[in-house]
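Protein chains in written order, with this note's numbering: chain Z, 1 to 285; chain X, 1001 to 1276; chain H, 2001 to 2765. In this text, a Cβ means the ideal position worked out from N, Cα and C, and glycines have one as well.
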């Protein structure tokens, strides 16, 4: 999007229904009861998206480039006791709390308005784009992200890649150099290829549900991640959102407590495109 | 990608995969972007009179010779061989592809009259050693650009039924007059958009309001541009498209006849269409 | 005009123009050479790099488009089917093969990271031989000569130490060993639950019955980490997903150190190390008082079980009596259930007895035939996975010590890394006259050999393999070359190829086959009669044989006809001693814990897995020690402190390791866990010199029944030797965690609801 166009039409572009007539709005649903926290998605993301391995020291300094990470929480003694328990215990008796965390492709993304060069903006198909060749590395977007899922290239990591490891790099997307901000793209290269394929088959505006799969979704051993077009009423992801009564365009949902869907930090009115489904524990045992 | 995995019948036998596996492959794997605070650093260096370390554009123009002086003029000109006979991947892949050595040999085995010419001898020596010909790349898209031949070929040749040489020539020039292939277009973003803006029409998804949403056509009909001879007349800003005032766009858009609207191609209207 | 300015290129000019500085410096002239776009007055970047066409490709090879080749993941013995995504002759990604019954299109992190093994910069790509005590690179000719000299003659004193070996690789090894007249073919993989397999054979008459997790309503697992490290993690994870659908199954995990499976349990019970069997027995005793369950076991046995004092066992196991009764109650109300035993239970002092106790519950609860199912008979048992554990390894090491073996061949395993210090494996190894390694990486064992044969990765070679735990019986997985060998044609060689050449020297009947590919295809074709389906030709002019080969390769597997079996369950009363109470000089029990990622240490050279945080402690690139907050408080230890860990390790060597502490509540206060995986002294740049290997500390405690080493039965003492000082920046050697806070701070990032609500509101999508 041209910078000028973006500036001139700023208020239009931020309107909720601006893209309502577009055929696509990519979204995700993640079932936290199925997620086992194994980390297959994390590694798959590294493989697919040319993410650099930064090594121990750089990891310690916070330079890790994991677009997708598994956040993991315990119930701490000062929390209220875990579900089905009367008092805090010596052990995490209900297991751990895992949540895969990546760019939530917010429809009201806080990262977008702060970019001085319009390198991050919203695409008509509901993605929060990051244009590497436009990014100047101000890192404002990273600071403004409530999920902390934007990662900055402090180094030319690809230069350290010893032969023949560089042969693995995926030529479908860029290898980022120093000074670039990057983040989860919902595997945009796969989305583009999927649309290309749909166009070959003669239906460019209706990609069949399930033909575009993100790398994390594809590898998930329990299939906890579902990705698809939220505007396609027959898509699995749309059904999951509907069944769990999570609606777009709002900062709080009027749904019963026992229906599982929710969006993280919904109250900030950032409108994430990722819906999570509650973890479940059997309270009787 | 999960859409219909091409179930290949047959393994990757030992005979395959001489394709460039090492050299220059990082270039294929596209490194993108400007160095950190690029502008500021560049400005400082400039003022200091120092030399710019501009990695993204620092390639020099080379006069290096191709391993074989391939006469496009003879193949495409004199013998009128269809471009896609050799560049057979163009219609089904992102890349047009340099024909495999076996393709050259396929014909030249049956052309004894030129068998002893130096170029053909060289060709056969590569074939006999089962070595790829180390062509030098003439058209090299910037590393952070997604471009697909397939969509362009499918649209203009197969859908519109235009002559192949005309369609290929839009970007590659009048190849039938060349000896060794050379690059005649800047292939900058502005150059891409010089076409895409003209053919844009309404938004690519058939948006009901042909509004000022995206960059909209400057030419009332696509015919004018398609019919021009080489070199193409569109004037291009190599860096960035010139913005067109909305009033002009709206005016032109109103004049667009329905027959043209029906032919409108899908044009990129967001950066992530091509840069990811 | 300086030299540099003369070279001023179009890009720079363009840049200056863009910045509005077009005239600055005044050095902007067209260079006048090369190609120029005259309209736009810019030079064009051309002829800077080569573009190499294929020479004679197959017609489906299209540059820019991907091709998928079916293969089998070799990262662990589970044998998941994969699709290798290939573009321009390079493998770019591994994805699950949806046709495989094991993983149904999915992969675990280790499978995903397979490419880092394939493209590993430390891969061996030249044969090496020892000259004057040093390994030096030699030509293939010399290597082949040495191979023929040392392995090419009948030799009863040759020992073959392999990892889990299956498929036609195993067939060739068997043929070779037969031809040279040696019986010393041992397999060693520390992650194969040999103790459990032995117990299962005794109880069900089947080493590896099928466990149907999806059908169970309640799973009680004594340390079986089926989501992480137990036999076939991806397969069990997909079953687990089924199990969790409404109406949702419940998982109870009982272990001393929380595993990945434990972290997903509805109730995780911390148990005193080595007493899992006692808890199982206590539940059995409660069941025995109900005639319904007692009817499934002999009378004397239920009488004996009833003798058990639950309160006493609660005391032994450190699990409240009420909790034991609760588990018993739910086991009786939720059917079918499933009881599993795994790592921490089976590696205690009386591992097999503990496993027998767990499986006794399955017999009493009537799960046999419901969630524990018989295997079908595979027509070619020789192709099956051959595995082995510590018992076999220690026998070979003893034989080496005694000089009974003069030649050792190592393939696919790394005993010098795994063997505890007390075994003195290195010394034993040195006693052999000649040592050969077939290896991809410079690991500890390989570098101790006299001849090193660099082999292809699984993505470069032909091969077949049979899974350790088949999800569907009679399915043989096939591998094919997905790309040209990474280091070129004359660098590495296919293991099968080398073996075939070797066998030809000792068994002339193999001379029939020119290469391993021909052998494999011939061998598979000769099994035609036993295949479940025969593919029909799909292309004009294709013969039946071609159709068969093409289908096998595009499916990546062959299904054989199998014959159904039944299970004969027999109840066995375990004989469990009361374990010695902790205390004395070595008060804590060491649990060397495997993890999904580095596994037993074989993946420590894969950077993707080194950088994958541990699922529970979030540590990367390091070893650590897990200690319960109560114990830590007693000893004044906090996360990040340097700890010295010592064990007796027999009477010979007092070993100690220094490792960073992680204070974590997911462990029993009497247990100390150190993860497996690190502590390599060799194994390439990514593994060497990182962390510690807890196996080194182990005491020579063996399971009485199976002779396997009890790896979770070693008593240790710990001592803090340095305080953790830095908080924000960390130097090498310090603990690096992905996250320092494990606290949601009331933000409700992960919400939880009860299973009752879930079953009410959720419907299947």
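Under 6 Å Cβ to Cβ from residue 2497(H), same chain only, skipping five residues before and after it: list those, please.
2516
Quick check: is the beta carbon of residue 132(Z) nearer than 8 Å to any beta carbon in chain X?
yes
Contact set for residue 2768(H): own chain, Cβ-Cβ below 8 Å, skip 5 residues either direction
Residue 2768(H) cannot be examined here, being either before or after the span of chain H that is shown, 2001 to 2765.
Of all Cβ atoms in chain X, is any one closer than 8 Å to the Cβ of residue 2096(H)?
Chain X contact via Cβ: absent.
Determine which residues share a DSSP beta bridge with residue 2720(H) and list them.
2643(H)
To be precise: take each residue of the stretch 28-51 of chain Z, compare its Cβ to all Cβ atoms of chain H, and keep it if any distance is under 8 Å. Which residues remain?
Of all residues in the stretch 28-51 of chain Z, only 32, 33, 34, 36, 37, 38, 39, 40, 42, 43, 44, 46, 47, 48 come within less than 8 Å of chain H when Cβ atoms are compared, listed by chain position.
Helix or strand or just coil, what does DSSP make of residue 182(Z)?
strand
Can you confirm whether residue 1146(X), when its beta carbon is compared against all beta carbons of chain Z, has any partner nearer than 8 Å?
yes
Residue 170(Z): contacting residues in chain H (beta-carbon distance under 8 Å)
2092, 2093
Using CA atoms only, rank isn't needed, just tell me which of 1119(X), 1095(X), 1083(X), 1074(X) is closest to residue 1137(X).
1095(X)
Which word fits residue 2643(H), buried or exposed, when buried means at least 16 other C-beta atoms lie within 10 angstroms of its C-beta?
buried
Kindly indicate which three-state DSSP category residue 2529(H) falls into: helix, strand or coil?
In this structure, residue 2529(H) counts as helix in the three-state DSSP scheme.
Taking C-alpha atoms, which residue in 257(Z), 278(Z), 95(Z), 128(Z) lies nearest to residue 264(Z)?
278(Z)
8 Å contact criterion, which residue 35(Z) and residue 92(Z) should meet: CB distance rounded:
A Cβ-Cβ separation of about 16 Å leaves residue 35(Z) out of contact with residue 92(Z) under the 8 Å criterion.
Straight-line CA distance for residue 175(Z) to residue 1144(X)?
The straight-line gap from Cα to Cα measures roughly 8 Å.
Per DSSP, which one or two residues make a beta bridge with residue 2482(H)?
Note: residue 2482(H) sits in no beta bridge, so no partner.
Rounded to whole angstroms, what's the CA-CA distance from residue 1270(X) to residue 124(Z)? Just pull it up for me.
8 Å
For the beta strand (DSSP E) containing residue 2674(H), name the first residue and the last one.
2671-2675
Are any of the Cβ atoms in chain X nearer than 8 Å to that of residue 2052(H)?
yes
Measure the CB-CB distance between residue 2553(H) and residue 2500(H) and report whether it falls below 8 Å.
no
Sequence-distant residues of the same chain with beta carbon closer than 6 Å to residue 1168(X), five excluded per side:
The answer, listed in chain order, is 1083.
Cα separation between residue 2809(H) and residue 262(Z)?
No statement about residue 2809(H) is possible, as the shown extent of chain H runs from 2001 to 2765 and does not include it.
With 9 Å as the C-beta to C-beta threshold (strictly closer), list the residues of the stretch 2430-2444 of chain H near chain Z in chain order.
Here the close residues number zero.
Using a Cβ-Cβ cut-off of 8 Å (strictly less than) and excluding sequence neighbours within five positions of residue 2316(H), which residues of its own chain qualify?
2272, 2275, 2278, 2578, 2579
Output the boundary residues of the alpha helix (DSSP H) element that contains residue 2431(H).
2425-2431
Going by beta carbon distance, what residues of the same chain come within less than 7 Å of residue 2179(H), once the five residues before and after it are set aside?
Shown here for residue 2179(H): same chain residues with a beta carbon closer than 7 Å to its own, the five before and five after excluded, namely 2503, 2506, 2507 in chain order.
Let me make sure I understand the geometry here. Which of 199(Z), 98(Z), 41(Z) has the alpha-carbon closest to that of residue 217(Z)?
41(Z)
Report the neighbours of residue 1270(X) on chain B: residues whose CB is nearer than 8 Å to its CB, in chain order.
The structure shown has no chain B; the protein chains it does contain are Z, X and H.
Hey, how far is the Cα of residue 2242(H) from the Cα of residue 2542(H)?
Residue 2242(H) and residue 2542(H) have their C-alpha atoms roughly 41 Å apart.
Rounded C-beta distance between residue 2345(H) and residue 2223(H)? I'm assuming under 8 Å.
Between residue 2223(H) and residue 2345(H) the Cβ distance is about 4 Å, and since that is below 8 Å, they are a contact.
Against residue 192(Z), what residues of chain X qualify as contacts under a CB-to-CB distance less than 8 Å, listed in chain order?
1146, 1273, 1276
Quick check: the Cα distance between residue 215(Z) and residue 2108(H), rounded to an integer number of angstroms?
12 Å
Taking DSSP's pairing of strands, which residues face residue 27(Z) in a bridge?
Residue pairing by DSSP places residue 27(Z) opposite 228(Z) in a beta bridge.
For residue 261(Z), which of helix, strand or coil comes out of DSSP?
It is a strand residue.
My guess is that residue 2387(H) and residue 2132(H) are in contact by the Cβ rule of under 8 Å, so how many angstroms apart are they, rounded?
Between residue 2132(H) and residue 2387(H) the Cβ distance is about 38 Å, and since that is not below 8 Å, they are no contact.
Sub-8 Å separation of residue 2737(H) and residue 2617(H) beta-carbons:
It is a contact, given that the beta carbons lie within the stated cut-off.
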